[in-house]
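4 protein chains.
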Amino acid sequence: MLPFANDYSRGAHPKVLQALVDTNMDAQPGYGQDKYTKQAAQKIQAACQLPDAEVFFISGGLQTNQVVISNLLDGDEGVLAADSGHINFHEAGSIEYTGHKVLTIPGVEGKVTAANLQAYLDDWKADENHGQMVAPGIVYISNATEIGTLYNKQELAALSQVCHANHLPLFMDGARLGYALMSPENDLSLPDIAKYCDVFYIGGTKVGALAGEAVVFTKHNVPKRFPTKFKRQGAMLAKGRLIGVQFIALFTDNLYFKISQHAIDLAMKLKQALKNKGYQLLIDSPTNQQFIVVDNDQLAALKKRVALSFWENIDSTHTAIRLVTSWSTTEDEVDALIALL
Amino acid sequence: MLPFANDYSRGAHPKVLQALVDTNMDAQPGYGQDKYTKQAAQKIQAACQLPDAEVFFISGGLQTNQVVISNLLDGDEGVLAADSGHINFHEAGSIEYTGHKVLTIPGVEGKVTAANLQAYLDDWKADENHGQMVAPGIVYISNATEIGTLYNKQELAALSQVCHANHLPLFMDGARLGYALMSPENDLSLPDIAKYCDVFYIGGTKVGALAGEAVVFTKHNVPKRFPTKFKRQGAMLAKGRLIGVQFIALFTDNLYFKISQHAIDLAMKLKQALKNKGYQLLIDSPTNQQFIVVDNDQLAALKKRVALSFWENIDSTHTAIRLVTSWSTTEDEVDALIALL
Amino acid sequence: MLPFANDYSRGAHPKVLQALVDTNMDAQPGYGQDKYTKQAAQKIQAACQLPDAEVFFISGGLQTNQVVISNLLDGDEGVLAADSGHINFHEAGSIEYTGHKVLTIPGVEGKVTAANLQAYLDDWKADENHGQMVAPGIVYISNATEIGTLYNKQELAALSQVCHANHLPLFMDGARLGYALMSPENDLSLPDIAKYCDVFYIGGTKVGALAGEAVVFTKHNVPKRFPTKFKRQGAMLAKGRLIGVQFIALFTDNLYFKISQHAIDLAMKLKQALKNKGYQLLIDSPTNQQFIVVDNDQLAALKKRVALSFWENIDSTHTAIRLVTSWSTTEDEVDALIALL
Amino acid sequence: MLPFANDYSRGAHPKVLQALVDTNMDAQPGYGQDKYTKQAAQKIQAACQLPDAEVFFISGGLQTNQVVISNLLDGDEGVLAADSGHINFHEAGSIEYTGHKVLTIPGVEGKVTAANLQAYLDDWKADENHGQMVAPGIVYISNATEIGTLYNKQELAALSQVCHANHLPLFMDGARLGYALMSPENDLSLPDIAKYCDVFYIGGTKVGALAGEAVVFTKHNVPKRFPTKFKRQGAMLAKGRLIGVQFIALFTDNLYFKISQHAIDLAMKLKQALKNKGYQLLIDSPTNQQFIVVDNDQLAALKKRVALSFWENIDSTHTAIRLVTSWSTTEDEVDALIALL
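Chains as they are written, first to last, in full-length UniProt numbering: chain V, 1 to 341; chain W, 1 to 341; chain G, 1 to 341; chain L, 1 to 341.
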């Protein structure tokens with residue numbers, strides 16, 4: 001099977017895995033107190049050009065969203081997200097599990113815009129009954145978004161300004177941040193993101209790690225006793241080193257960015273081929289996820305040879321599917337896929 | 001001020017209050033074990049023509065929704081409601097507080113239709129990723145709805161059928177059930193509701209009681225140790241008699257229905273007057289809540305004389321307002337309001 | 001049956017009920033925005049000699065404990081209580097329902113002592129693993145305690161000092177505060193309590209009201225948007241007036257204190273009679289709850305004539321029971337009980 | 001530093017790590033749908049001699065306890081545990097986070113005994129107020145216990161019988177199950193545990209894996225849609241293979257048991273040396289955790305050369321410490337430690 005279902009179907013990048021092998025027998029303290037976790041944090045501070053960023057490592061993306069959002073919200077607050085946001089649909093109600101509502105804003109290409117956020121907040125303030133409603137408490141975005149689109153610098157700066165004018169922290173889910181930053185359409189740097197966002201995470205699971213995301217608080221805004229808080233939520237690994245070691249490898253010699261670039265190059269080759277072959281793009285994505293509409297007979301045939309993702313039913317005879325490249329996709333695999341399409 | 005802001009601005013119907021006075025010094029067990037609570041339950045079983053209905057009394061509507069929904073949902077399930085549903089907006093996130101998501105269905109005149117529910121369930125089943133999504137676990141409706149509209153018997157029967165075919169309990173919020181049942185457009189009886197719904201509540205707070213709602217489980221489907229469960233949620237009064245005594249009074253000599261009829265008669269008189277005067281009805285409501293659009297200058301003037309409810313901003317110069325009659329509204333008050341409009 | 005099971009077996013004191021009758025038809029805003037709620041708050045500020053106390057009304061004691069504690073705790077914090085504390089046993093896990101642990105301290109006559117609290121805190125700080133434990137976040141006491149005992153001024157001052165030295169708010173559950181303050185052994189005033197505690201409540205349900213407790217925040221320490229927060233928890237009555245009106249009556253002409261005094265006088269008469277008859281007091285209680293040990297044959301006989309409370313099994317032939325007086329107990333009832341004992 | 005602080009200070013057993021390397025580039029579905037997870041489950045079914053056991057993999061012990069307990073409890077139920085139970089102290093309130101109380105039973109050498117459990121249940125049933133209390137819903141034990149002691153077959157059988165007679169599932173935390181099973185004092189087999197327990201887990205994190213625990217439901221008693229439920233709680237890894245691959249390695253050629261035996265052999269050597277040198281054993285532990293009391297001056301000296309764990313303060317000049325061996329401890333390290341003692 002050609003592996004285009006997602007960007008987490010293989011293990012770790014060989015250099016990441018080698019780092020685990022190399023450090024394996026070094027005895028270290030548990031629960032994130034090991035030297036590797038500290039070094040990884042320093043690597044990320046450097047990459048963000050923010051020496052006083054506070055960095056924590058969590059094992060998965062859903063868990064990171066859950067832990068960050070719930071600990072930054074006050075009791076009666078909810079999280080604002082685009083209606084297509086990952087936390088609103090595909091995380092099994094993990095935000096509500098923590099007692100908080102996901103408040104939705106109409107997305108524009110999957111993004112929360114400054115204008116739509118401002119409109120939401122204006123409506124909320126103007127509603128004389130808002131004391132009986134969930135208060136907006138944090139803004140959640142993802143970059144790349146759930147549908148592979150990107151925030152540009154102007155959009156992120158404008159959104160950040162609205163957030164801060166309204167005392168709302170801005171949180172970026174960066175599960176696919178590497179793929180976003182390496183897109184030909186991207187104009188944001190990691191320091192830009194650290195500047196505009198109050199907290200964000202750099203995704204490892206989908207970008208070359210076995211598991212692990214690096215959460216970065218950028219404004220001296222870490223919740224008090226945060227490790228105890230996320231331990232209580234089940235999100236602390238005994239062997240925190242597992243993630244620390246991997247992030248050291250990912251942030252050595254720009255590995256994170258190089259392997260993201262590789263995935264993007266292949267995604268752009270695939271996208272061009274899809275266009276050439278006349279496929280309807282469901283979304284014009286500049287990142288590693290490509291969405292097309294296929295008829296169901298073709299889909300059935302493709303599924304015998306290609307691992308791909310169902311996206312949504314279009315009509316009784318057509319389905320939208322997702323094809324994803326990753327750090328591990330080979331050019332041969334892309335060529336084979338193109339030949340099948 | 002003329003009191004048209006809501007249907008809970010005065011105390012209790014005089015007969016209800018008198019019942020509290022009459023029983024005041026009778027010593028009774030606490031926590032709903034008193035004889036009045038038992039008698040009230042019997043009155044409601046009789047009114048529903050369902051002798052084995054299981055009846056509980058809770059002090060308010062939000063609390064009842066919270067307690068019923070959360071105890072009927074399995075861990076990963078959510079509650080389906082119309083997008084305009086009360087629990088989705090004006091209950092301060094009380095469902096999410098219990099760890100569950102409100103899943104919204106496009107409402108038709110504020111109602112969940114059998115067709116829209118079926119479409120939601122079909123989509124959910126067809127989505128190959130639904131294992132990563134909140135599962136539908138109960139259907140919440142209100143009658144009258146948040147915007148004063150009614151389910152007719154055909155609609156409720158059809159909805160009930162879809163619910164039961166999909167093993168979903170159907171829960172009706174009857175905060176304004178008296179006003180629904182007495183509407184000229186209503187064709188449902190209390191026994192009909194007991195037949196089609198798995199659980200519903202008969203609202204007291206808005207229909208003549210100081211506080212209290214009667215929850216009716218109709219299908220031998222009470223959660224195990226339900227009183228302990230809702231006690232744990234803070235919803236059990238030490239003096240459960242407070243609600244029991246009131247419901248005895250409300251269900252003696254058809255008081256509940258007579259005082260509801262009174263409110264509906266006045267609402268219809270008001271509605272006709274509003275039409276005669278050329279007001280734009282925001283919604284064509286057959287119950288005790290009437291919604292009109294007024295210009296903001298007129299609104300400012302009205303507010304000096306009338307207690308009314310902001311509903312929503314229409315545009316920069318117009319606002320939708322709500323005018324509500326109740327068991328306690330007098331014909332003089334309605335006439336005075338009409339004179340001001 | 002002679003009513004000695006508890007202090008909430010009858011309705012409201014006649015003057016309280018009359019106040020409800022007198023104000024019944026006055027239309028007022030809902031959700032605690034009515035004038036009676038405001039007046040009641042002022043009455044309580046005056047009684048506490050604390051004009052800037054912030055006062056809220058909640059319908060029951062368990063709910064008040066739940067709402068106050070959960071909104072004053074940070075995510076990873078728990079509430080410290082005596083091991084015999086009401087919240088630890090008889091509230092059905094209502095604190096844990098909000099996600100927080102009850103941390104227990106060995107009680108001394110049902111009380112948290114300054115020394116035992118300090119010892120707990122010292123141990124916690126000295127434990128090198130305390131980052132993996134629930135952090136102490138608030139101290140819960142009740143006065144009178146679960147077993148009828150009292151804090152004296154010296155004890156409360158000492159406890160308050162330890163709390164404040166450790167940045168822990170001190171919360172007093174005053175479900176039976178009237179009975180505590182009127183005990184012959186009491187040396188605390190309401191202003192003392194307002195001085196030493198950060199938040200406390202004045203119980204109405206057990207002292208003459210149908211339902212309702214007055215929560216007093218004494219140090220400008222109300223959680224932000226507290227009403228929205230407790231609405232979300234199901235604890236806000238639509239007709240907030242119900243509680244406000246009753247507290248106005250209770251705090252007019254010292255009614256609250258007079259009716260508490262009445263209950264204490266009868267309890268002391270009962271206690272003396274129990275001693276004279278040679279009963280073993282389980283606890284030497286100076287308030288309205290008296291605890292004795294009886295043999296099970298006598299208990300069976302008593303239960304035919306007296307409503308009383310099971311307290312605990314002592315051995316196979318003896319049971320501890322609780323006998324409670326209240327604002328509504330009559331001298332005839334006490335005499336009749338004594339004659340039976 | 002000599003690594004005796006815990007059993008999770010190093011990475012993975014070399015064979016476990018090699019298995020990750022060998023399978024690294026094989027593309028597999030995510031979220032536990034991969035072939036390795038299935039194979040690992042079969043290995044565990046075989047080891048338990050229970051072909052229809054239902055097996056799931058979770059990344060850590062605290063998270064496993066949280067996920068299993070919360071999904072097996074009904075709303076108003078709590079989990080029974082020994083007062084010294086891990087979930088009661090060192091998991092940061094993770095059970096309470098899910099809304100449930102930890103109900104404690106006096107432990108005997110860290111164990112819940114059948115007699116003490118029966119006594120708890122008898123008291124609970126005899127308490128006439130138990131409807132206002134948390135109901136017992138599941139029994140949690142750990143083997144080896146928090147203090148290194150073991151359940152023998154007779155004890156476990158008796159406990160299981162009391163559980164089942166009372167309709168309480170019995171859950172064994174097996175974070176250190178390998179070390180328990182290889183103890184010279186053990187008489188339980190994995191099939192015995194599968195027989196007596198309703199659910200248990202086989203710990204990987206402390207026994208040779210980077211992360212991961214295998215949860216085994218033995219009585220066709222998996223909660224409905226369990227994977228969605230634990231995903232919602234943040235406990236599902238995208239690359240479920242990470243754990244599956246490791247457990248295949250651990251359960252190939254008895255690796256799990258061999259490496260556990262190694263740790264036990266070294267622990268027994270250490271224990272004998274401690275006895276020979278006259279140390280006071282805090283607990284007589286037959287497993288890989290040894291507890292001794294040292295004076296604080298010696299402790300300060302030891303800490304310069306040995307990574308060890310603080311256990312508890314004994315008095316102002318003595319401290320109890322824990323010394324732990326693991327799969328990765330070498331005989332040289334034990335000898336070096338003994339030389340220092």
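Even glycine gets a Cβ: it sits at the ideal position worked out from N, Cα and C.
Given a threshold of 16 other Cβ atoms within 10 Å of its Cβ, counted over all protein chains shown, does residue i qualify as buried or as exposed?
{"i": "R176/W", "result": "buried"}
{"i": "P106/G", "result": "exposed"}
{"i": "T317/G", "result": "exposed"}
{"i": "G278/G", "result": "exposed"}
{"i": "E146/L", "result": "buried"}
{"i": "residue 362/L", "result": "Residue 362/L falls outside the range modelled here, since chain L spans only 1 to 341, and no answer is possible."}
{"i": "V108/V", "result": "exposed"}
{"i": "N276/V", "result": "exposed"}
{"i": "H86/G", "result": "buried"}
{"i": "N129/V", "result": "exposed"}
{"i": "N254/L", "result": "exposed"}
{"i": "Q290/G", "result": "buried"}
How close, in whole Å, do the beta carbons of residue i and residue j come, if the pair is a contact with beta carbons under 8 Å?
{"i": "V134/L", "j": "E96/L", "result": "Not a contact, Cβ separation roughly 11 Å."}
{"i": "L242/V", "j": "G137/V", "result": "Their Cβ separation, rounded to whole angstroms, is 32 Å, which puts L242/V and G137/V out of contact at 8 Å."}
{"i": "T252/L", "j": "G60/L", "result": "Actually they are not in contact, since the Cβ atoms of T252/L and G60/L sit about 23 Å apart, beyond 8 Å."}
Would you kindly work out how many angstroms separate the C-alpha atoms of residue i and residue j, rounded to a whole number?
{"i": "K35/G", "j": "S309/W", "result": "18 Å"}
{"i": "L282/V", "j": "L250/V", "result": "32 Å"}
{"i": "N186/W", "j": "V79/L", "result": "49 Å"}
{"i": "Q280/W", "j": "K15/G", "result": "48 Å"}
{"i": "Y179/G", "j": "V324/W", "result": "43 Å"}
{"i": "A165/W", "j": "V222/G", "result": "49 Å"}
{"i": "D122/G", "j": "G110/W", "result": "58 Å"}
{"i": "L210/G", "j": "N24/W", "result": "9 Å"}
{"i": "V215/G", "j": "N143/G", "result": "14 Å"}
{"i": "Y196/W", "j": "V162/W", "result": "11 Å"}
{"i": "E54/G", "j": "L159/G", "result": "22 Å"}
{"i": "L181/V", "j": "A41/V", "result": "20 Å"}
{"i": "Q28/G", "j": "A12/G", "result": "22 Å"}
{"i": "F321/G", "j": "D22/G", "result": "The identity of residue 321/G in the sequence shown is Ile, whereas the question assumes Phe. C-alpha separation (whole angstroms): 40 Å."}
{"i": "R225/G", "j": "G174/W", "result": "28 Å"}
For residue i, is the beta carbon positioned less than 7 Å from some heavy atom of the ligand ADP?
{"i": "T218/G", "result": "This structure lacks the ligand ADP, and indeed carries no ligand of any kind."}
request  = Taking a Cβ distance cut-off of 8 Å, strictly less, list which residues of the region 72-105 of chain G are near chain V, in chain order.
outcome  = D74, G75, D76, G99
task: Taking only beta carbons into account, state which residues of the region 223-240 of chain W come closer than 7 Å to chain G, listed in chain order.
output: T228, K231, R232, Q233, G234, A235, L237, A238, K239
_For the region 113-130 of chain V, list every residue whose C-beta sits within 9 Å of some C-beta in chain W, in sequence order._
D123, A126, D127, E128, N129
In chain order, which continuous runs of the beta strand (DSSP E) of length 3 or greater are located wholly inside the region 195-270 of chain W?
-> 199-203, 213-217
For the region 267-293 of chain L, which residues have a beta carbon sitting closer than 9 Å to at least one beta carbon of chain G?
none
Q. Whole alpha helix (DSSP H) runs in the region 31-100 of chain W with 4 or more residues, listed along the chain?
A. 35-47, 61-72, 86-89, 94-97
**Near-chain G residues of the region 291-322 of chain L (beta-carbon distance less than 7 Å), N- to C-terminal order** = F310, N313
* May I ask you to list, following chain order, the residues of the region 179-212 of chain V that have a beta carbon less than 7 Å from some beta carbon of chain L? => T205, L210, A211
Closer than 7 Å between beta carbons: that is the criterion. Which residues of the region 41-55 of chain V meet it against chain L?
none
May I ask you to list, following chain order, the residues of the region 18-44 of chain W that have a beta carbon less than 8 Å from some beta carbon of chain G? L20, V21, T23, N24, M25, D26, A27, Q28, P29, G30
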